[in-house]
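Note sheet for the following structure.
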Amino acid sequence: YTLSVRTAYGQRTARATTNKFDSESLQRVVAESASLARQQQPDPELLPMPGPQSYPPVDHYFEHTTATVSPRQRAAVVSSAIRVAEKEGLTAAGTYSTGEGMQALLNSRGVAAYYRGTQAEFSITTMGSSSTGWAKKTAPDVREINGVVLAERASQIATCSRAPKEIAPGHHVTILTPAAVLDLVGFMFFDFSGQAVRDQRSFLTDRVGMKLFGENINISDDVYHPLQFGAPFDGEGICRQSLPLVERGVIKNLTYARATAKAMGKEPTGHGFPLPNEYGEFPTNIVFSGGAHSLDEMIASTARGVLVTRLWYIREVDPYKKILTGMTRDGTFLVEDGKIACGIRNFRFNESLIDLLNCVEMLSPAERASGEESFPMVVPALKVSSFHFTEATKF
Numbered sequence: 043y044t045l046s047v048r049t050a051y052g053q054r055t056a057r058a059t060t061n062k063f064d065s066e067s068l069q070r071v072v073a074e075s076a077s078l079a080r081q082q083q084p085d086p087e088l089l090p091m092p093g094p095q096s097y098p099p100v101d102h103y104f105e106h107t108t109a110t111v112s113p114r115q116r117a118a119v120v121s122s123a124i125r126v127a128e129k130e131g132l133t134a135a136g137t138y139s140t141g142e143g144m145q146a147l148l149n150s151r152g153v154a155a156y157y158r159g160t161q162a163e164f165s166i167t168t169m170g171s172s173s174t175g176w177a178k179k180t181a182p183d184v185r186e187i188n189g190v191v192l193a194e195r196a197s198q199i200a201t202c203s204r205a206p207k208e209i210a211p212g213h214h215v216t217i218l219t220p221a222a223v224l225d226l227v228g229f230m231f232f233d234f235s236g237q238a239v240r241d242q243r244s245f246l247t248d249r250v251g252m253k254l255f256g257e258n259i260n261i262s263d264d265v266y267h268p269l270q271f272g273a274p275f276d277g278e279g280i281c282r283q284s285l286p287l288v289e290r291g292v293i294k295n296l297t298y299a300r301a302t303a304k305a306m307g308k309e310p311t312g313h314g315f316p317l318p319n320e321y322g323e324f325p326t327n328i329v330f331s332g333g334a335h336s337l338d339e340m341i342a343s344t345a346r347g348v349l350v351t352r353l354w355y356i357r358e359v360d361p362y363k364k365i366l367t368g369m370t371r372d373g374t375f376l377v378e379d380g381k382i383a384c385g386i387r388n389f390r391f392n393e394s395l396i397d398l399l400n401c402v403e404m405l406s407p408a409e410r411a412s413g414e415e416s417f418p419m420v421v422p423a424l425k426v427s428s429f430h431f432t433e434a435t436k437f
């Protein structure tokens, strides 16, 4: 655990942190924070610390079973997963972690907030001579994670994509799994920040209230959603609101920390980060509303297209148009006549998130998903009418 102390003197503030909890260390960290604060330049937008707050209960985010998993228990699950891969002639690599965390936030004006949560995460990559597969799951309750099932999924992907063929790049009908969707859309949520819009570094600058995406796109930030988890308060102790971000394709709301809200004539939404910081705020409990179509139905409805298991090495090319580039990996497939035809070589892609979210044909029910480029979210799989693959790799 660590202890972080922020002190404020008028319009000056600073923070110091320690991981030692003896009396001398605690006195030292307070003194260091105070000394640093006195040396800062005044911040004309710094507000007094908030007073007492109230928070809804979020008891379902802590599971005793998860908090008490032993290394031996984790090793047994890993061993079983490896055996699944070995039966298919594959090697396996991955991670399996379990644990609990606690966050307590108090200030001298009466804020007293406390959150305790657990998290388990299992990730596995299976590898053959010409193909790979991948599966991952994150949950507050370790009982939701079945390492053998995840290993079977990753192994099936690897075996089905053996000896991948090469197809021409271009604009293809594409089916994106929830993990692929997560790692794409994760790049736009930093822009749902009042401070980012105020600084004109958000693609939503001058676009709030506009219809930017398709009618079937609805996204909110909701820490209280049954598939989400996290503290019900922000870095200043303000209660987190459930906030619609996109409704029927229209940009509805931004997030606001206290200082940003005052500067922009808004109310704080409870999404601020601990002060001082350069980011202001952004949503971290994303819920992308899904539809009624299963992944199998998406495949069955596709005459010719590409199925993407996941994406990686994603980078932003144009921040305002939200054009991203990256690569597919761990299972990319050609779909023909409503069936998976074969594995194909990986692609590099260049795609605008704005264009992508205007050509969604089908959505699956939303689920808690984990990727590698962004934080866990509740998102659906998507079938899109066009996805721009620019070149094929040699693997």
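Letter by letter, the sequence shown follows residues 43 to 437 in the working numbering.
Where is the CB? At the ideal position from N, CA and C, for every residue including glycine.
Mapping the DSSP letters down to three states, classify residue i as helix, strand or coil.
i	result
Glu339	helix
Gly103	According to the sequence shown, residue 103 is Tyr rather than Gly. If DSSP states are grouped into helix, strand and coil, Tyr103 belongs with the helices.
Gly332	coil
Gln53	coil
Glu208	coil
Leu224	helix
Val47	strand
Gln161	strand
Ala238	helix
Val153	coil
Phe389	strand
Met230	helix
Glu320	coil
Output the boundary residues of the beta strand (DSSP E) element that contains residue i.
i	result
Cys384	Lys381 to Gly385
His214	Gly212 to Leu218
Thr302	Premise fails: Thr302 lies in the alpha helix (DSSP H), Arg300 to Met306, not in any beta strand (DSSP E).
Gln145	Thr133 to Leu148
Leu366	Ile365 to Glu378
Asp360	Arg346 to Asp360
Leu395	Where Leu395 is concerned, there is no enclosing beta strand (DSSP E), although the alpha helix (DSSP H) it sits in stretches over Leu395 to Leu398.
Lys179	Thr174 to Ala181
Cys427	Note on residue identity: the sequence assigns Ser, not Cys, to residue 427. Where Ser427 is concerned, the enclosing beta strand (DSSP E) stretches over Leu424 to Ala434.
Val421	Met419 to Val421
Glu403	Val402 to Leu405
Glu409	Glu409 to Ala411
Measuring alpha carbon to alpha carbon, tell me which of the options ends up nearest residue i.
i	options	result
Leu287	Glu278, Thr297 and Gly279	Thr297
Thr432	Gly291, Asn392 and Met91	Asn392
Asn258	Ile124, Asn319 and Cys401	Cys401
Ala127	Thr201, Leu68 and Arg57	Thr201
Tyr51	Gln81, Asn61, Gly385 and Gly159	Gln81
Asp360	Glu403, Gly307, Met230 and Ala273	Met230
Arg151	Arg204, Leu192 and Pro90	Pro90
Ser171	Glu130, Glu403, Pro274 and Ser235	Glu130
Gly312	Asn319, Met306, Thr351 and Arg300	Arg300
Arg158	Ser165, Leu147, Phe255 and Ile166	Leu147
Arg290	Leu366, Asp264 and Asn260	Asn260
Tyr355	Pro182, Val190 and Ala222	Ala222
Ser139	Arg114, Lys363, Tyr156 and Lys425	Arg114
Ala205	Glu142, Gln237, Ala118 and Cys384	Cys384
Thr167	Ile124, Asp241, Ala434 and Tyr266	Ile124
Leu132	Gln198, Val119 and Ser75	Gln198
Phe330	Ser406, Met306 and Tyr362	Ser406
Asp263	Lys253, Thr219 and Pro274	Pro274
Thr302	Gln283, Glu323 and Asn295	Glu323
Val420	Pro211, Lys62 and Ala181	Ala181
Arg357	His335, Ala345, Thr344 and Glu414	Glu414
Thr108	Thr44, Lys179 and Arg185	Arg185
Lys381	Arg346, Asp397 and Ser394	Arg346
Asn61	Glu208, Val190 and Ser46	Ser46
Can you tell me where the alpha helix (DSSP H) holding residue i begins and where it ends?
i	result
Thr107	His106 to Ala109
Thr201	Gly189 to Cys202
Arg116	Pro113 to Lys129
Gln81	Ser65 to Gln81
Can you give the beta carbon distance from residue i to residue j, rounded, assuming they're within the 8 angstroms contact cut?
i	j	result
His213	Phe375	Not confirmed; about 17 angstroms, so no contact.
Asp372	Gly175	6 angstroms
Met369	Arg390	5 angstroms
Cys281	Gln95	6 angstroms
Arg57	Pro318	7 angstroms
Tyr103	Ala155	Contact doesn't hold; Cβ gap of about 14 angstroms is too wide.
Lys34	Ser394	With the chain covering 43 to 437 only, the question about residue 34 has no answer from this structure.
Consider the Cβ of residue i: report whether some Cβ of chain D lies at a distance smaller than 7 angstroms.
i	result
Glu323	Within the model displayed, chain D is absent; a lone protein chain is all it includes.
Ordered list of beta strand (DSSP E) runs contained in the region 240-291, each at least 3 residues: 261-263 and 285-289
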